[in-house]
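Engineer: Below you will find the structure I want to go over with you.
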Amino acid sequence: MPEHGSPTVRRRRLGQELRRLRERADMTGDQVATRLGWSAAKISRIETARTAPRESDVEALLVIYMVDSRQRQELLALHRDATRKGWWEDYRDSLPKEYTTFLGLEAEATTARDWEPQVVPGLFQTEAYVRAMMESGQRSTLEAPGGVRSRIEVRMARQQAVLRVDNPLAISAVVEESVLLRRFGGDEVMREQLGRLIEVSELPNVELRILPLDTAHPINTGAFSHLKLPEFHDVVYLEALLGGRLVEDETIVYRYEVAFDYLETKALDVDDSRRLLERTVRHWR
1 MPEHGSPTVR RRRLGQELRR LRERADMTGD QVATRLGWSA AKISRIETAR
51 TAPRESDVEA LLVIYMVDSR QRQELLALHR DATRKGWWED YRDSLPKEYT
101 TFLGLEAEAT TARDWEPQVV PGLFQTEAYV RAMMESGQRS TLEAPGGVRS
151 RIEVRMARQQ AVLRVDNPLA ISAVVEESVL LRRFGGDEVM REQLGRLIEV
201 SELPNVELRI LPLDTAHPIN TGAFSHLKLP EFHDVVYLEA LLGGRLVEDE
251 TIVYRYEVAF DYLETKALDV DDSRRLLERT VRHWR
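Under the UniProt record's numbering, residues 1 to 285 are what the sequence shown spells out, in order.
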């Protein structure tokens, strides 16, 4: 398990294991609910990790499923891990639910593949760029100033958690060239931001490619992030104006994976992308 493990994923693992045990016991959710005096919806929410069960709930289920002592201890330990807070949960009240789930999954992912046609990917943004970008968005969406400050804190905390750890996430990103030319803030903000992109492009866990403007645009879609997860199927997070959407359908996720593969073939390679970044910095002087 990666060192940047996630209670979000452990909740899902616990739910999947409880469902497996129920099916092994040849019981329906309705039958278990009747035995325990619960609703069938509660069983479903536990198994799909939409709610965090209490330890007493897990123990009650394990009794019905006739789980032996060794496995019982393993599952209760997994439950304790699943109740620990991830760094993002301090900001839960100010974040869309889907994005909070995405952050939890990202913390356990082994690889992230990001396509960004409009702004610098969040993991690579400077604080000044984030502030300028979000203040611009505030004018168009009427977001409160406090919300902007909170989102800046989240963005910086996410970078700290994902990039500055002993076992960082492997990231492949394709960024459209127009992103390098789209102003947020003053020239100094843009120079600093492009300098940051050059820095992160040299990290051993990052592959950053630029899709040139003079290349025929290969796909018609907004930003997305494709996560590869150990022991679970991949997921895709789609960016939107007010939040986003998490996609878990395996067929749809596969189509995004193919789309990203195609984007990489049309983008400059890593070295040529870095040289383009170095040339574009001069645009902001």
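By construction, the Cβ of each residue, glycine as well, lies at the ideal position given by its N, Cα and C atoms.
Could you tell me the alpha carbon to alpha carbon distance between residue 338 and R113, rounded to whole angstroms?
Structural biologist: Beyond the ends of the chain as shown, which are 1 and 285, falls residue 338; an answer cannot be given.
Engineer: Identify the residues that DSSP records as bridge partners of D114: which are they?
Structural biologist: To locate residue 114, count along the sequence shown from 1; it is residue 114. In the DSSP output, where bridge partners are listed per residue, D114 has A173 and S225.
Engineer: What does the alpha-carbon distance come out to for the pair G244 and A223?
Structural biologist: The sequence position of residue 244 within the sequence shown is 244, counting from 1. The sequence position of residue 223 within the sequence shown is 223, counting from 1. Going from the Cα of G244 to the Cα of A223 covers about 10 Å.
Engineer: Which residue wins for smallest C-alpha separation from L277, given the options S201, L78 and W115?
Structural biologist: Residue numbering aside, residue 277 sits at position 277 when the sequence shown is read from its first letter. Here the closest residue by C-alpha is S201.
Engineer: Looking at the structure shown, is Y254 part of a helix, part of a strand, or coil, going by DSSP?
Structural biologist: Counting from one through the sequence shown, the residue named residue 254 turns up at place 254. In the structure shown, Y254 sits in a helix (DSSP, three-state: H, G or I).
Engineer: By Cβ distance below 7 Å, which residues in the same chain neighbour E3 in space, the five residues on each side in sequence not counted?
Structural biologist: As a position in the sequence shown, residue 3 is number 3, starting the count at 1. Reliability fails at E3, whose pLDDT of 39 lies under 50, so the model's placement of it is uncertain and the value that follows must be treated cautiously. If we look at E3 and ignore the five residues flanking it on each side, its Cβ neighbours are V165, D166 and N167.
Engineer: Whole angstroms is fine: what's the gap from A259's alpha carbon to I219's?
Structural biologist: Counting from 1 along the sequence shown, the entry for residue 259 is found at position 259. Counting from 1 along the sequence shown, the entry for residue 219 is found at position 219. Rounded to the nearest angstrom, the two C-alpha atoms are 7 Å apart.
Engineer: Alpha carbon to alpha carbon, how far is E250 from Q160?
Structural biologist: Taking the first residue of the sequence shown as position 1, residue 250 is located at position 250. Taking the first residue of the sequence shown as position 1, residue 160 is located at position 160. Roughly 30 Å between the two C-alpha positions.
Engineer: Any idea if L142 is buried or exposed, counting beta-carbon neighbours within 10 angstroms, 16 or more meaning buried?
Structural biologist: If you number the sequence shown from 1, residue 142 lands on position 142. Reliability fails at L142, whose pLDDT of 47 lies under 50, so the model's placement of it is uncertain and no value is given.
Engineer: Mind listing, in chain order, the continuous alpha helix (DSSP H) runs of no fewer than 4 residues lying wholly within the region 171-214?
Structural biologist: Correct list: 178-181 and 187-201.
Engineer: Classify E47: buried if its beta carbon has 16 or more other beta carbons within 10 angstroms, exposed otherwise.
Structural biologist: Residue 47 sits at position 47 when you count from the first residue of the sequence shown. Counting Cβ neighbours within 10 Å, E47 comes out buried, since at least 16 surround it.
Engineer: Can you tell me where the beta strand (DSSP E) with Y237 in it begins and where it stops?
Structural biologist: Working through the sequence shown from its first residue, we reach residue 237 at position 237. Residues V235 to A240.
Engineer: Decide if the region 55-68 is in contact with the region 106-126; the criterion is three or more beta carbon pairs, one per stretch, under 8 Å apart.
Structural biologist: No: fewer than three Cβ pairs fall under 8 Å.
Engineer: Just to confirm, is the Cβ distance from A109 to R10 under 8 Å?
Structural biologist: As a working note, residue 109 is residue 109 in the sequence shown. As a working note, residue 10 is residue 10 in the sequence shown. Cβ distance not < 8 Å, so A109 and R10 don't count as in contact.
Engineer: Under the three-state reduction of DSSP, which class applies to R54: helix, strand or coil?
Structural biologist: By 1-based counting over the sequence shown, the position of residue 54 is 54. Note: R54 maps to coil in three-state DSSP.
Engineer: CA-CA distance, F102 and A77?
Structural biologist: Walking along the sequence shown from the start, residue 102 turns up at place 102. Walking along the sequence shown from the start, residue 77 turns up at place 77. Using only the alpha carbons, I get a separation of about 24 Å.
Engineer: State the DSSP-derived secondary structure class of V281, mapped to helix, strand or coil.
Structural biologist: Counted from its first residue, the sequence shown places residue 281 at position 281. Three-state result, V281: helix.
Engineer: List the residues that DSSP assigns as beta-bridge partners of R245.
Structural biologist: For the purposes of this step, residue 245 is taken as the residue at position 245 of the sequence shown. Answer is L238.
Engineer: Can you grab the Cα-Cα spacing for the pair Q71 / G29, in whole Å?
Structural biologist: Position 71 of the sequence shown holds residue 71. Position 29 of the sequence shown holds residue 29. Using only the alpha carbons, I get a separation of about 21 Å.
Engineer: Is the beta carbon of V206 less than 8 Å from the beta carbon of D234?
Structural biologist: As a working note, residue 206 is residue 206 in the sequence shown. As a working note, residue 234 is residue 234 in the sequence shown. Taking 8 Å as the Cβ cut-off, V206 and D234 do not qualify as a contacting pair.
Engineer: Starting from residue 293, trace the alpha helix (DSSP H) in both directions and tell me its first and last residue.
Structural biologist: Any property of residue 293 remains undetermined from this structure, which presents the chain solely from 1 to 285.
Engineer: Please return the same chain residues whose Cβ sits closer than 8 Å to the Cβ of A60, not counting the five positions on each side in sequence.
Structural biologist: Numbered from its first residue, the sequence shown carries residue 60 at position 60. Once the five neighbours on either side are set aside, the close Cβ partners of A60 are L36.
Engineer: Could you have a look at E108 and say whether DSSP puts it in helix, strand or coil?
Structural biologist: Within the sequence shown, numbered from 1, the residue matching residue 108 stands at position 108. If DSSP states are grouped into helix, strand and coil, E108 belongs with coil.
Engineer: Cα separation between A240 and E177?
Structural biologist: Numbered from its first residue, the sequence shown carries residue 240 at position 240. Numbered from its first residue, the sequence shown carries residue 177 at position 177. Approximately 20 Å, taken between the alpha carbons.
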